[in-house]
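Everything on this sheet refers to the single structure shown next.
Protein chains: 4
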Amino acid sequence: MIELAVFGAGRMGQIHARNAALHPGLNLKFIADPIDSPARDALLAMTGATLATPEEIFADPAIAGVVVASSTDSHAELIRAAAEAGKAVFADKPISLDFAAVLEVAAAVEAAGVPSMLGFQRRYDAPFRALKQRIDSGASGRLETVLMQSRDPSPPPASYARSSGGFFRDSAIHDMDMARYLLEEPVARVWATGSCLVSEELGAIGDIDTGMIALTTVSGRIATLMNSRRGPMGYDQRLEAFCAAEVLSVGNQRLSPLAISAPDGETLQPPMNYFPARFAQAYADEMDAFARLIAEGTPPLATMADGLEAQRLVEAAIRSLETGLPVDFAPDWRP
Amino acid sequence: MIELAVFGAGRMGQIHARNAALHPGLNLKFIADPIDSPARDALLAMTGATLATPEEIFADPAIAGVVVASSTDSHAELIRAAAEAGKAVFADKPISLDFAAVLEVAAAVEAAGVPSMLGFQRRYDAPFRALKQRIDSGASGRLETVLMQSRDPSPPPASYARSSGGFFRDSAIHDMDMARYLLEEPVARVWATGSCLVSEELGAIGDIDTGMIALTTVSGRIATLMNSRRGPMGYDQRLEAFCAAEVLSVGNQRLSPLAISAPDGETLQPPMNYFPARFAQAYADEMDAFARLIAEGTPPLATMADGLEAQRLVEAAIRSLETGLPVDFAPDWRP
Amino acid sequence: MIELAVFGAGRMGQIHARNAALHPGLNLKFIADPIDSPARDALLAMTGATLATPEEIFADPAIAGVVVASSTDSHAELIRAAAEAGKAVFADKPISLDFAAVLEVAAAVEAAGVPSMLGFQRRYDAPFRALKQRIDSGASGRLETVLMQSRDPSPPPASYARSSGGFFRDSAIHDMDMARYLLEEPVARVWATGSCLVSEELGAIGDIDTGMIALTTVSGRIATLMNSRRGPMGYDQRLEAFCAAEVLSVGNQRLSPLAISAPDGETLQPPMNYFPARFAQAYADEMDAFARLIAEGTPPLATMADGLEAQRLVEAAIRSLETGLPVDFAPDWRP
Amino acid sequence: MIELAVFGAGRMGQIHARNAALHPGLNLKFIADPIDSPARDALLAMTGATLATPEEIFADPAIAGVVVASSTDSHAELIRAAAEAGKAVFADKPISLDFAAVLEVAAAVEAAGVPSMLGFQRRYDAPFRALKQRIDSGASGRLETVLMQSRDPSPPPASYARSSGGFFRDSAIHDMDMARYLLEEPVARVWATGSCLVSEELGAIGDIDTGMIALTTVSGRIATLMNSRRGPMGYDQRLEAFCAAEVLSVGNQRLSPLAISAPDGETLQPPMNYFPARFAQAYADEMDAFARLIAEGTPPLATMADGLEAQRLVEAAIRSLETGLPVDFAPDWRP
């Protein structure tokens, strides 16, 4: 039985701790979270884990791996410490909001040689995986353009927005990763535009809440991202891949198959509430991938390097937004 | 150019007269309708046809064929007279509400040897044709059960219901024909149940407005019909064919591809208003089939004999409804 | 913490044992299954429960309730014994294949006064619950007709069919329950027809695999059931409720929101594989209802009496199938 | 009866001539087309119109209006001549591929004071009209972003592409018009990217076949256009309008409501073949608008000025594509 620790008892920590506890090959030994809360206590009770400090966790030789699901500003330090302690690391995105720190951490993990993976759970989601496999099979022909749409149900408070690094850093990184994953080719140019149309509170702190990003690859293929802090229908998270022979799409997963027909039309259910529900199975499969990474060395679907590259694209989009000009995105581009 | 006459300037007469006038190989010479109305005048103006009496039409040697789309109680007499005058006949259903008259008319048409066809337009509708062709191709495997649902947007006035022969005679005949068309096998048993749930007015004249009919064929295959005078979503007209390898369905055709998504779900457009809109192309194709029947002798998709057989099944359903017992439906069963 | 035992480590036993183990208010102490199998061992390991005999379970005063998910022929005896031992009972359908035994067991449970519920999980399924609540709210108007379709992905072996009591007893009982649940009115007449169209093996033991049942209530409302051992698209389980003002439907839940568009059309994913996947949440909610029944006396959505009534309707359908005649279904009708 | 002439007997000329001939208030007197072809003869026969030269048409005082549906390079000259002859003009897009000529022609039409309208038929399409009306009603809240996707079934020959002015001029003008129509606000910035991914033949003449355009309005609202010469599913023409309270969409109109379900999923019909089928009703309504413009002076939904503005946006997109930089789109911007 592989022994694990989870950092963080917030929204993501709860998802990962629960999946670790349910996994037949994993034993969740510790949970670390500095804030005493009823949610933390409930999580400890449900999973049977023990509360511990990072120091205790890193010092315990029984611990084979750690899950970093704590607050964003603690990610970099915990990942580095885990790598130095020789623990396998499964970290949620982003590695850091400071790109220099991202580079350092990724280098440190590589230097330490510990198994590591990054929490781009969409790669583990069944329909996204099936879409990727279909393209890889050749049945769809060459992927020409891809459209990704991501809308949160409603804008977060300004406090969250500030600590998450702003709109693009918070919301576009998964789409950037998916664009890279599907296009499998260097991006040559990044263009972004954005505005504050939804939340005056976000505008007051200088953030945007509505954005569009276009990536052009070296061979001229195009990825378009539409992102918003507002989804009038709820959580709106879709992808369409336009290939030479087929169009593949992952639409929203509806809450349920109930429908109501009346004189003004047939009403289908709205999408599942938010990402924890929509990606429940993906998170469980991600934990299973972490177990197999530790046990058998099976490469994960997303690495620290993928995290770094996605973040580099986000930084380029931010640069384009700030300058009003497209960014020529050479492989050595740095923000 | 084939010269035609249309009997009737009501709802069906207008559809047929318009299609005849638009057909490149047909010339609509006459329209007959005893009732002086603005609709009749408009139809004459639009089509360029001349008003005539049945006698004038039957006596005109230039007339190759007639379309019987007049009031139901005049069908039998006009079909018989047309056959005797040697004209090709395209008659709307039903031949007559009196089954004895149906038998006589069908025999008279056959004896006269004139080309004839019956207005079961669903056989000409593109999705129904594609469904039939798919089954005939063998790709779907053996058809095992078929479900047909037909609901009018709202109940008719009692006056209409009375003159149309009651609910099953009015509404189930198309479904009976489609069941025969798809199953291609004798029916062995007919069971029907029905009630007056929608319109007190219809109940007051002894009619029903909600019904269910089950047909079992000699080899045990089953057709289920659900019919109602009320479609809360509008005109609800669907078929599902359950085959060994596939399920084929013809759903409702929505008014338009507009959709509205809001927090309580996504609302799609209701079905097209009613059969004239839903089957517009089918009626045009039916007229083309009449032209080809006259010009080249191409057999139509629905004959007088099909009309007789569908009506025989309707009469058996009425018998079952009245007696509360299933009807053993031998090939020589008569109401 | 409420202590429970589960009888049966087969397909249903695994679902219930797992849900009991995951429930925060329940402790799964025992699992009973006479057959030594790897699945039983895995279930014990996963849930942390101990293997026990029925005698040990009934004798343990700490056990507050038992879940009867063993083979069908053991249901009646275990339910009766549990009631006599004063344990709360949550039994899967059917109570027994022998209707006389059903009556006896239901009476015994009532006499013992123990809390009890029957496993009609569809009543706990979110879309079916929402449909029921919508009708109860009055927004839909009076329910007039209801259509239920249930098709298994493929026919079972003859051995299963024989032990499950035949096609209607095995497959129609959930639909009968749903008809009663939604119509809330006595059934006045039952008509059934059926054939063996799918599996020669089933025909060889005298069973059918394709059926249609019509229920007419005392006020003339109609429920239509279409059932088959074959679903070419997979597990096909749908309901449509035709009300005066709205049509409510619960369609199939697709495997995932992936779609593939090509020149011959857009292909959406097939339904979820089978009932354990489709009703996963419903089974968990059912277990929660059992916990609340024991802890707080909250009435369950389905009782032993509901099981008896659904089975009575099934027996009437079988009678109709055998006699070829409709069954007048008085409240005291007995097979 | 208003007398009309149609210039052009090609694809668009046939649509307009047929609609004019069917319109109860219009009489199609002349068709002009310099090329002797069977299609031209068939059109004359079907409509009953007479072949004429532009000079004859402009000189006939009975002609109240003309429809310019000839080859693109003749539009400007015919519109100007019609205006000078005092005829009402209904012209298909584009006015000219030369923007200077567009300005001149628009000025000439305005100076002549003749009634005029431009063939942006999407404004007349029922679902697009309903979407626009819904936004105008206020029910949807403020429109924030709009996504338009337009894909032809397959790339045209290079000869067509050359004479149509290149990809953006040919395919993006309808989307530009729809963006203006819905956003009702000046565009402040235009960004475009594009590539040749589909047709080597098009690349060889320096054209692109895949493009993405982003428009940002003065208040920061964003329109995204995705265009391609290839639609693997057929003609793919969709719009989504993301408003504060609702998302409105116009999807593709499927060929028919036939569906086929098999183990690998449910296949729905592909979109209608191409724009003549998809917009058949819109073209008829457009002709009716021309009739009402002439008869009653009812303003059309799209004017020459709308054509000029849409084309100005197209030219800005082409400029962005050529320079790799966004275009600051002041109201007086000229290519």
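For the protein sequence lines, the chains are A, B, C and D, in the order given. Residue numbers for the first sequence follow the numbering used here, beginning at 12 and rising by one. Residue numbers for the second sequence follow the numbering used here, beginning at 12 and rising by one. Residue numbers for the third sequence follow the numbering used here, beginning at 12 and rising by one. Residue numbers for the fourth sequence follow the numbering used here, beginning at 12 and rising by one. In this text, a Cβ means the ideal position worked out from N, Cα and C, and glycines have one as well.
Helix, strand or coil for N238 (chain D)? Go by DSSP, reduced to three states. Numbered from 1 along the fourth sequence, position 227 holds the residue referred to as residue 238 (chain D). DSSP places N238 (chain D) in strand when its eight states are reduced to three.
Are any of the Cβ atoms in chain A nearer than 8 angstroms to that of G308 (chain D)? Residue mapping note: residue 308 (chain D) aligns to position 297 of the fourth sequence, counting from 1. By this cut-off, G308 (chain D) is not an interface position.
Could you work out which residue in D:I26, D:G318, D:R153 is closest to A117 (chain D) when comparing CA atoms only? Start at 1 with the first residue of the fourth sequence, and residue 117 (chain D) comes out as number 106. Comparing Cα-Cα distances from A117 (chain D) to each of D:I26, D:G318, D:R153, the minimum goes to D:G318.
In chain C, which residues lie with their C-beta within 8 angstroms of the C-beta of D275 (chain D)? Along the fourth sequence, read from residue 1 onward, the residue named residue 275 (chain D) stands at position 264. T278, P281, listed in chain order.
When DSSP labels each residue in this structure, what does G335 (chain C) get in the three-state scheme? Along the third sequence, read from residue 1 onward, the residue named residue 335 (chain C) stands at position 324. Coil.
Answer with yes or no whether the minimum CB distance from P164 (chain D) to chain A is below 8 angstroms. Sequence index remark: in the fourth sequence, residue 164 (chain D) carries index 153 (1-based). No, because no Cβ of chain A sits closer than 8 angstroms to the Cβ of P164 (chain D).
Assign E251 (chain B) to one of two classes, buried (16 or more other C-beta atoms within 10 Å of its C-beta) or exposed (fewer than that). Here residue 251 (chain B) refers to the residue found at position 240 of the second sequence. Its Cβ being crowded by 16 or more others within 10 Å, E251 (chain B) is buried.
Whole runs of the alpha helix (DSSP H) within the region 186 to 225 of chain A, excluding any shorter than 4 residues: 211 to 215
Residues, ordered as in the chain, of the region 252 to 263 of chain A that lie near chain D by beta-carbon distance below 9 angstroms: F253, C254, A255, A256, E257, V258
Classify E257 (chain B) as helix, strand or coil using the three-state DSSP reduction. Taking the second sequence and counting its residues from 1, the one referred to as residue 257 (chain B) is at position 246. The answer is coil: DSSP assigns E257 (chain B) none of H, G, I, E or B.
What residues from the region 325 to 338 of chain B come within 9 angstroms of chain C, judged by C-beta to C-beta, listed N to C? G335, L336, P337: these are the residues of the region 325 to 338 of chain B whose beta carbon lies less than 9 angstroms from some beta carbon of chain C, given in chain order.
Under three-state DSSP, which class holds M57 (chain C)? Residue numbering aside, residue 57 (chain C) sits at position 46 when the third sequence is read from its first letter. It is helical.
Other residues of its chain near L269 (chain D): CB distance less than 6 angstroms, five sequence neighbours each side excluded: Looking up residue 269 (chain D) in the fourth sequence gives position 258. Once the five neighbours on either side are set aside, the close Cβ partners of L269 (chain D) are Q280.
Quick check on S272 (chain C) - is its C-beta less than 8 angstroms from some C-beta in chain D? Against the third sequence, residue 272 (chain C) aligns to sequence position 261. Yes, S272 (chain C) counts as interfacial toward chain D.
Can the beta-carbon of Q322 (chain D) be found closer than 8 angstroms to that of I216 (chain D)? For the purposes of this step, residue 322 (chain D) is taken as residue 311 along the fourth sequence, with counting starting at 1. For the purposes of this step, residue 216 (chain D) is taken as residue 205 along the fourth sequence, with counting starting at 1. No, Cβ-Cβ distance for Q322 (chain D) and I216 (chain D) is not below 8 angstroms.
Residue(s) in a DSSP beta bridge with M128 (chain C): Along the third sequence, read from residue 1 onward, the residue named residue 128 (chain C) stands at position 117. In the DSSP output, where bridge partners are listed per residue, M128 (chain C) has C:F101.
What residues from chain A crowd round P243 (chain B), counting only those whose CB sits closer than 9 angstroms? As a first step, residue 243 (chain B) is located in the second sequence; it is residue number 232 there, counting from the start. Ordered by position in chain A, the residues that pass the 9 angstroms Cβ test against P243 (chain B) are S272, A273, P274.
Run the CB neighbour count on M189 (chain C), radius 10 Å, all protein chains shown included, and call it buried at 16 or more, exposed below. What you label residue 189 (chain C) is simply residue 178 of the third sequence in a count that begins at 1. By the 10 Å Cβ count, M189 (chain C) comes out buried.
Spell out whether any CB of chain D is found under 8 angstroms from the CB atom of M159 (chain A). The count along the first sequence starts at 1 and reaches residue 159 (chain A) at position 148. Output row for M159 (chain A): interface = no.
Bridge partners - N38 (chain B), DSSP secondary structure assignment: The residue labelled residue 38 (chain B) in the question sits at position 27 within the second sequence. Note: N38 (chain B) sits in a beta bridge opposite B:E14.
Which of helix, strand or coil does DSSP assign to S272 (chain A)? In the first sequence, the residue the question calls residue 272 (chain A) occupies position 261. Of the three classes helix, strand and coil, the one that applies to S272 (chain A) here is strand, per DSSP.
Is it buried or exposed, M12 (chain C), if we count other Cβ atoms within 10 angstroms and call 16 or more buried? Here residue 12 (chain C) corresponds to residue number 1 of the third sequence, with the count starting at 1. Classified as exposed, M12 (chain C) has fewer than 16 neighbouring CB atoms from the shown chains inside 10 Å of its CB.
What separation, rounded to the nearest whole angstrom, lies between the Cα atoms of A8 (chain A) and A53 (chain C)? The structure shown does not extend to residue 8 (chain A), since chain A spans only 12 to 346, so no value can be given for it.
Using a Cβ-Cβ distance under 8 angstroms, would R191 (chain C) count as near chain B? Position 180 of the third sequence holds residue 191 (chain C). No - not a single Cβ of chain B is within 8 angstroms of the one on R191 (chain C).
Using a cut-off of 8 angstroms between C-beta atoms, extract the partners of W202 (chain B) located in chain C. As a position in the second sequence, residue 202 (chain B) is number 191, starting the count at 1. Within chain C, the residues near W202 (chain B) are W202, T204, A225, P337.
Along the chain, where does the alpha helix (DSSP H) that runs through M244 (chain B) open and close? Walking along the second sequence from the start, residue 244 (chain B) turns up at place 233. No alpha helix (DSSP H) holds M244 (chain B); DSSP gives it neither H nor E.
Inter-residue spacing [alpha-carbon to alpha-carbon] between A137 (chain C) and D147 (chain C): Position 126 of the third sequence, counted from the start, is the residue given in the question as residue 137 (chain C). Position 136 of the third sequence, counted from the start, is the residue given in the question as residue 147 (chain C). Rounded to the nearest angstrom, the two C-alpha atoms are 15 angstroms apart.
Give the DSSP-derived three-state secondary structure of G149 (chain A) in the structure shown. The count along the first sequence starts at 1 and reaches residue 149 (chain A) at position 138. It is coil, neither helix nor strand.
Of all Cβ atoms in chain D, is any one closer than 8 angstroms to the Cβ of L15 (chain B)? Within the second sequence, numbered from 1, the residue matching residue 15 (chain B) stands at position 4. It does not: the Cβ of L15 (chain B) has no partner Cβ on chain D nearer than 8 angstroms.
Can you pull the DSSP bridge partners for M159 (chain C)? The residue given as residue 159 (chain C) occupies position 148 in the third sequence. For M159 (chain C), which the question treats as bridged, DSSP gives the partners C:L236, C:L250.
Quick check: what's the CA-CA separation for T156 (chain A) versus G177 (chain D)? Position 145 of the first sequence, counted from the first residue, corresponds to residue 156 (chain A). Position 166 of the fourth sequence, counted from the first residue, corresponds to residue 177 (chain D). Going from the Cα of T156 (chain A) to the Cα of G177 (chain D) covers about 20 angstroms.
Can you give the Cα-Cα distance for S331 (chain B) and L226 (chain B), rounded to whole angstroms? By 1-based counting over the second sequence, the position of residue 331 (chain B) is 320. By 1-based counting over the second sequence, the position of residue 226 (chain B) is 215. Within the model, the alpha-carbon separation for S331 (chain B) versus L226 (chain B) is close to 11 angstroms.
Out of C:F110, C:M159, C:G130, state which residue places its alpha-carbon closest to the alpha-carbon of V77 (chain C). What you label residue 77 (chain C) is simply residue 66 of the third sequence in a count that begins at 1. Closest option to V77 (chain C), judged by alpha-carbon separation, among C:F110, C:M159, C:G130: C:G130.
Separation of G276 (chain C) from N284 (chain D), as counted between CA atoms: Reading the fourth sequence from its first residue, position 273 is the one you call residue 284 (chain D). Reading the third sequence from its first residue, position 265 is the one you call residue 276 (chain C). Spanning the two alpha carbons is a distance of roughly 12 angstroms.
How about A293 (chain A) and G36 (chain A): are their beta carbons less than 8 angstroms apart? Numbered from its first residue, the first sequence carries residue 293 (chain A) at position 282. Numbered from its first residue, the first sequence carries residue 36 (chain A) at position 25. Cβ atoms of A293 (chain A) and G36 (chain A): not closer than 8 angstroms.
Residues in its own chain within less than 7 angstroms of L89 (chain B) by CB, not counting five upstream and five downstream? The residue labelled residue 89 (chain B) in the question sits at position 78 within the second sequence. Taken in chain order, the residues that qualify are F18, P65, V79, S81.
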